[in-house]
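**Q** Chains as they are written, first to last, in the numbering used here: chain A, 1 to 247; chain B, 1001 to 1143.
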Amino acid sequence: MGEIHKVADVCLLAGKIMLQSGAETYRVEDTMMRIAAAFGMPHSHSYVTPTGIIFAIDGSGPAKLIRIVERSTDLQKVTIVNSISRQISSGELSLAEAHERLKQLEGKNLAYPFWMQVAASAIASGCFVIMFQGKWSDFLPAFVSGGIGFYGLDYVHRLVKLKFFAEFFASFLAGIVAMLLVAIGVGNDIDKIIIGSVMPLVPGMLITNAVRDLMAGHLVAGLSKGAEAFLTAFAIGTGMAVIFAMY
Amino acid sequence: MLIEQLVTSFIASAAFGLIFNVPKKLLAHCGLVGMSGWFIYILFVQYDMDSIFATFVAAFFVAVVSQVLARMYKTPMTIFSVSGIIPLVPGGLAYEAMRHVVVNDYNMAIQLAAKAFMISGAIAMGLIFSEVINQMMKTWASR
């Protein structure tokens, strides 16, 4: 009896880390069931939505439930859990070792340093201006406003736990900065600059995951992620709309 | 001009990989996937193809390459596809649509929004088609 509970714990831990790090729902379910099967519990059921996991192993009593409140994008953690699950499947890791490694991974912060993320989004913003047939003279203003927008996203998201407001504010901020820069003569094409600087806010992860989940038949997860992506896009659009209204 | 596009799309995709916290040794691969997708897109658009079709083909290509890379490195496919898809997202169109909404020009806004919506659909279809091919390969291989 104790063994079954330990297996369920490992499965839930793996599922929790994956879901929090932005893995697709079907991958989470699949991984949990594979781990359970590798530990000799071939009959398990997992039901995953973006906000919670329900997991049951036949014969282990009641199903277990974990609520997921905070979700971010950390593909490195997804990759590591994926490889741990592979090792479990091939019999390289024992139950205790797997639990230990997952526990360690859960507490770790593997993200790149924050300044690097801001720099990356600033560079990406600049590059998008060029990709959208802009001029090199608009690279620098997009670089600045994209970086500031991304910084604002993180800052507001820490203050207010309201993701959509943070996104709205970030696109608003990027737009304001772009406008000011154009007003003082740095950069010419305000449209290109604003488009470039809001591109780092685009919910690319949500879009791909929504499509992949819908394809895998996870209608609830796919639709809710699609709705989240739509709301995010709407928040960004509203932020820009406020700028135009002022312009 | 083409070189400029290739270099910037490479850097932008790799930068997105960094934002999504892709493992360090795979960042350059993200950049390559994004660059190849964007290359196909601009090639098609330059030869007067419709941008919806161009987006579809580019998204399909990105997804196929991602699947191949995912199998090579034994990682989830999303790692490569996410940053490759982002350049194709119709940010510019959505922006123009929003601009027209603000000045109450709904006729133009809806046209642009419909186009942006179709392009998003094309990205989704590209991903779906590559998945179909992937599953067909699996079924054939297991026979």
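By construction, the Cβ of each residue, glycine as well, lies at the ideal position given by its N, Cα and C atoms.
Strictly by DSSP, which residues pair up with Gly52/A?
**A** One-based indexing of the first sequence puts residue 52/A at position 52. Gly52/A pairs with Thr49/A, Arg67/A.
**Q** Which complete alpha helix (DSSP H) runs does the segment 3-50 of chain A hold, if anything under 4 residues is left out?
**A** With a minimum length of 4 residues, the continuous alpha helix (DSSP H) runs that stay inside the segment 3-50 of chain A are 25-38.
**Q** If we cut at 9 Å on Cβ distances, does Lys1115/B have a partner in chain A?
**A** Mapped onto the second sequence, residue 1115/B falls at position 115. So, not an interface residue.
**Q** Please name the residues in the segment 93-106 of chain A whose beta-carbon is closer than 7 Å to at least one beta-carbon of chain B, in chain order.
**A** Flagged: no residues at all.
**Q** Quick one: is Val1065/B buried, meaning 16 or more other Cβ sit within 10 Å of its Cβ, or exposed?
**A** In the second sequence, residue 1065/B corresponds to position 65, counting from 1. So Val1065/B counts as buried.
**Q** Leaving out five residues on either side along the sequence, give the residues of the same chain with a beta carbon under 8 Å from the beta carbon of Gly126/A.
**A** Counting from one through the first sequence, the residue named residue 126/A turns up at place 126. Hits under 8 Å: Phe139, Leu140, Ala142, Phe143, Gly146, Gly196.
**Q** Who are the near neighbours of Val118/A in its chain, counting only those whose CB is closer than 6 Å to its CB and skipping five residues on each side?
**A** On the first sequence, residue 118/A is found 118 positions in, with the first residue counted as 1. The residues are Gly147, Phe150, Tyr151.
**Q** For Thr79/A, which option in Gly15/A, Ser90/A, Lys192/A has the closest C-alpha, if you only look at C-alpha atoms?
**A** Counted from its first residue, the first sequence places residue 79/A at position 79. Answer by Cα proximity: Gly15/A.
**Q** What residues are listed by DSSP as bridge partners for Ile57/A?
**A** Against the first sequence, residue 57/A aligns to sequence position 57. In DSSP, Ile57/A forms a bridge with Ser44/A.
**Q** In the segment 1021-1067 of chain B, which residue ranges form an unbroken alpha helix (DSSP H) of at least 4 residues, counting only runs that do not cross its ends?
**A** As far as the segment 1021-1067 of chain B is concerned, its whole alpha helix (DSSP H) runs of at least 4 residues are 1027-1046.
**Q** Are at least three pairs of beta-carbons, each pair with one atom in the segment 9-28 of chain A and one in the segment 48-56 of chain A, less than 8 Å apart?
**A** Yes, the segment 9-28 of chain A touches the segment 48-56 of chain A.
**Q** If we define contact as Cβ-Cβ less than 9 Å, is Gly217/A a contact residue for chain B?
**A** Stepping through the first sequence from its first residue, residue 217/A is reached at position 217. No, because no Cβ of chain B sits closer than 9 Å to the Cβ of Gly217/A.
**Q** Would you decide whether Trp1038/B is buried or exposed? Buried here means 16 or more other CB atoms lie within 10 Å of its CB.
**A** The residue labelled residue 1038/B in the question sits at position 38 within the second sequence. So Trp1038/B ends up on the buried side.
**Q** Could you tell me which of Arg86/A, Gly237/A, Leu206/A, Ser21/A sits nearest to Glu228/A, measuring between CA atoms?
**A** In the first sequence, residue 228/A corresponds to position 228, counting from 1. Ranking the options by Cα distance to Glu228/A, first place goes to Leu206/A.
**Q** Can you list, in chain order, the residues of the segment 1090-1103 of chain B whose Cβ is nearer than 7 Å to any Cβ on chain A?
**A** So the list reads Gly1091, Gly1092, Ala1094, Tyr1095, Met1098, Arg1099, Val1101, Val1102, given in the order they occur along the chain.
**Q** With DSSP run on the structure shown, which of helix, strand or coil describes His218/A?
**A** Position 218 of the first sequence, counted from the first residue, corresponds to residue 218/A. Coil, per DSSP.
**Q** Note down the Cα distance separating Ala124/A from His43/A, rounded to an integer number of angstroms.
**A** If you number the first sequence from 1, residue 124/A lands on position 124. If you number the first sequence from 1, residue 43/A lands on position 43. If I take the Cα positions, the gap works out to 46 Å.
**Q** What does Trp1140/B reach in chain A if we use C-beta pairs closer than 7 Å?
**A** On the second sequence, position 140 is the one that residue 1140/B refers to. Correct list: empty, because the minimum Cβ distance to chain A is about 19 Å.
**Q** Alpha carbon to alpha carbon, how far is Val182/A from Arg1099/B?
**A** Locating residue 182/A in the first sequence gives position 182, where the first residue counts as 1. Locating residue 1099/B in the second sequence gives position 99, where the first residue counts as 1. Cα to Cα, Val182/A sits roughly 18 Å from Arg1099/B.
**Q** Strictly under 9 Å for the Cβ-Cβ distance: is Ala241/A near chain B by that measure?
**A** Stepping through the first sequence from its first residue, residue 241/A is reached at position 241. Closer than 9 Å: yes.
**Q** Can you tell me the Cα-Cα spacing of Ile68/A and Phe244/A, whole angstroms?
**A** One-based indexing of the first sequence puts residue 68/A at position 68. One-based indexing of the first sequence puts residue 244/A at position 244. Their backbone Cα atoms lie some 37 Å apart in a straight line.
**Q** Would the beta-carbon of Leu1127/B fall within 9 Å of that of Val211/A?
**A** For this step, residue 1127/B is matched to residue 127 along the second sequence. For this step, residue 211/A is matched to residue 211 along the first sequence. Going by C-beta atoms, Leu1127/B is nearer than 9 Å to Val211/A.
**Q** What is the DSSP secondary structure of Pro113/A, counted as helix, strand or coil?
**A** Locating residue 113/A in the first sequence gives position 113, where the first residue counts as 1. Coil, per DSSP.
**Q** Report, in whole angstroms, the separation of the C-beta atoms of Ser1044/B and Ala1059/B, which I expect to be a contact under 8 Å.
**A** By 1-based counting over the second sequence, the position of residue 1044/B is 44. By 1-based counting over the second sequence, the position of residue 1059/B is 59. The question names Ser, yet the displayed sequence has Phe at residue 1044/B. The pair is not a contact, with the Cβ atoms about 12 Å apart (cut-off 8 Å).
**Q** Going by C-alpha distance, which of Arg1143/B, Glu1131/B, Trp1140/B is nearest Met215/A?
**A** What you label residue 215/A is simply residue 215 of the first sequence in a count that begins at 1. The option with the nearest alpha carbon to Met215/A is Glu1131/B.
**Q** Going by DSSP in three states, Thr1139/B sits in which element: helix, strand or coil?
**A** As a working mapping, residue 1139/B is identified with position 139 in the second sequence. Looking at Thr1139/B - three-state DSSP - the assignment turns out to be helix.
**Q** Taking only the alpha-carbon atoms, compute the straight-line gap between Val186/A and Leu180/A and give it to the nearest angstrom.
**A** By 1-based counting over the first sequence, the position of residue 186/A is 186. By 1-based counting over the first sequence, the position of residue 180/A is 180. The alpha-carbon atoms of Val186/A and Leu180/A are separated by roughly 9 Å.
**Q** Considering only residues of the same chain and omitting the five flanking positions on each side of Tyr1041/B, which have a CB-CB separation below 7 Å?
**A** Working through the second sequence from its first residue, we reach residue 1041/B at position 41. If we look at Tyr1041/B and ignore the five residues flanking it on each side, its Cβ neighbours are Ala1054, Thr1055, Ala1058, Leu1088.
**Q** Quick check: the Cα distance between Ala38/A and Leu105/A, rounded to an integer number of angstroms?
**A** Reading the first sequence from its first residue, position 38 is the one you call residue 38/A. Reading the first sequence from its first residue, position 105 is the one you call residue 105/A. Going by the C-alpha atoms only, they are around 20 Å apart.
**Q** Against chain A, does Leu1043/B count as a neighbour if the rule is that its beta carbon must be under 9 Å from one of theirs?
**A** On the second sequence, position 43 is the one that residue 1043/B refers to. Not closer than 9 Å to any Cβ of chain A, the Cβ of Leu1043/B fails to qualify, so no.
**Q** For the ligand ZN, is there a heavy atom less than 8 Å away from the beta-carbon of Ala122/A?
**A** Ligands displayed in this structure: none; no statement on the ligand ZN is therefore possible.
**Q** Report the option in Leu1032/B, Pro1023/B, Ala1122/B whose CA atom is closest to the CA atom of Pro1076/B.
**A** Locating residue 1076/B in the second sequence gives position 76, counting from the first residue. Of the candidates Leu1032/B, Pro1023/B, Ala1122/B, the one whose C-alpha sits nearest the C-alpha of Pro1076/B is Pro1023/B.
**Q** Among the candidates Ser121/A, Lys135/A, Ile4/A, whose CA atom is the shortest distance from the CA of Ala96/A?
**A** The residue given as residue 96/A occupies position 96 in the first sequence. If we check each option's Cα against that of Ala96/A, Ile4/A comes out closest.
**Q** With Gly107/A as the anchor, note down where its alpha helix (DSSP H) starts and where it stops.
**A** Within the first sequence, numbered from 1, the residue matching residue 107/A stands at position 107. Here the alpha helix (DSSP H) through Gly107/A covers 95-107.
**Q** Which term fits Lys77/A, buried or exposed, when burial requires 16 or more other beta carbons within 10 angstroms of its beta carbon?
**A** As a first step, residue 77/A must be located in the first sequence, where it is residue number 77. The residue is buried, with at least 16 neighbouring Cβ atoms inside 10 Å.
**Q** Note down, in chain order, every chain A residue with its Cβ under 9 Å from the Cβ of Val1022/B.
**A** Taking the first residue of the second sequence as position 1, residue 1022/B is located at position 22. The contacting residues are Leu75, Gln76, Thr79.
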